[in-house]
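At position 55 of the sequence shown the residue is numbered 219 (the numbering used here), and the sequence of numbers has no breaks.
First comes the structure, then the notes that go with it.
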Amino acid sequence: MQKQQGLTLAYGGYLPIINLFVLIIIAFCGVMATAKAEEAIRIVAIGDSLTAGYGLPTGEDFPSQLEAALLEKGLKVTIENASVSGDTTAGGLQRLDWALGNGADLVILELGANDALRGIPPKETRKNLDEILEILENKEIPVLLAGMRAPPNMGADYATEFDQIFPDLASKYKTGYYPFFLDGVAADPELNQSDYIHPNAAGVKVIVGNMLPYVVAFLEK
């Protein structure tokens, strides 16, 4: 009887400590769950000079302006600018692992302009973008694909073949799709820098305003 009572007393003595330990674990799990819920969506922009911010002051590039616009809408995001000026689709494919080095919840893919400017055969551009999208699909990273159009001086045949790449691949991989990255900005001298190729800060603002509904809708899905 004394032994049984001793066990009872011993158990009774440790019960408050056990309860405290359980409460600490529950509280810790709650904090971790809250932190997880509040983690920002990590978006990586992979592109060329159009998204890299060529010729623009710090903070006026596309990823920076888009991040600010999304934050204003109450969406908790961070956008990493993994774009490189002068990049072609081949270059983007080669450095894809580097661009994704810190991980990504979503990729905005904007490549192809330099392919068209250099007259690279559209079939090569298609092949490179296809490989990039296949890799991202295998990594289960959603993609918002920004379309591009060939400049008029490349001729109608080239433009037809090139322009069709983007809707075709968006359909194949079921990506988000914005038809033309420079919509409303291309060929407008007030929205471009002196080279008439790269958007100025005001031009980037127009691009962000045009793309914002597409990005928000994609994030909400």
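Where is the CB? At the ideal position from N, CA and C, for every residue including glycine.
Within the segment 356–384, the alpha helix (DSSP H) runs of at least 4 residues that lie entirely inside it are, in chain order, 365–384. S228 sits close to I243, with the two beta carbons spaced by under 9 Å. Look at the beta carbons and you see the segment 274–294 not touching the segment 230–245: under three pairs across the two are nearer than 8 Å. Per DSSP, the unbroken beta strand (DSSP E) holding E244 starts and ends at 241–245. Across the set A280, Y378, A365, the C-alpha of A365 shows the shortest separation from the C-alpha of E224. Going by C-alpha positions, D359 is about 19 Å away from T222. Contact check for L355 against E274 fails: the beta carbons are separated by 9 Å or more. Membership of E203 in any beta strand (DSSP E) is not indicated, and neither H nor E is assigned to it by DSSP.
With fewer than 16 other beta carbons inside 10 angstroms of its own, V380 counts as exposed. Rounded to whole angstroms, A310 and A334 show a C-alpha spacing of 9 Å. 9 Å or more divides the Cβ of F226 from the Cβ of A204. If you draw a straight line from the Cα of D332 to the Cα of A350, it comes to about 23 Å. The DSSP-derived three-state label of L273 is strand. When the beta-carbon positions are compared, M318 and G348 stay at least 9 Å from each other.
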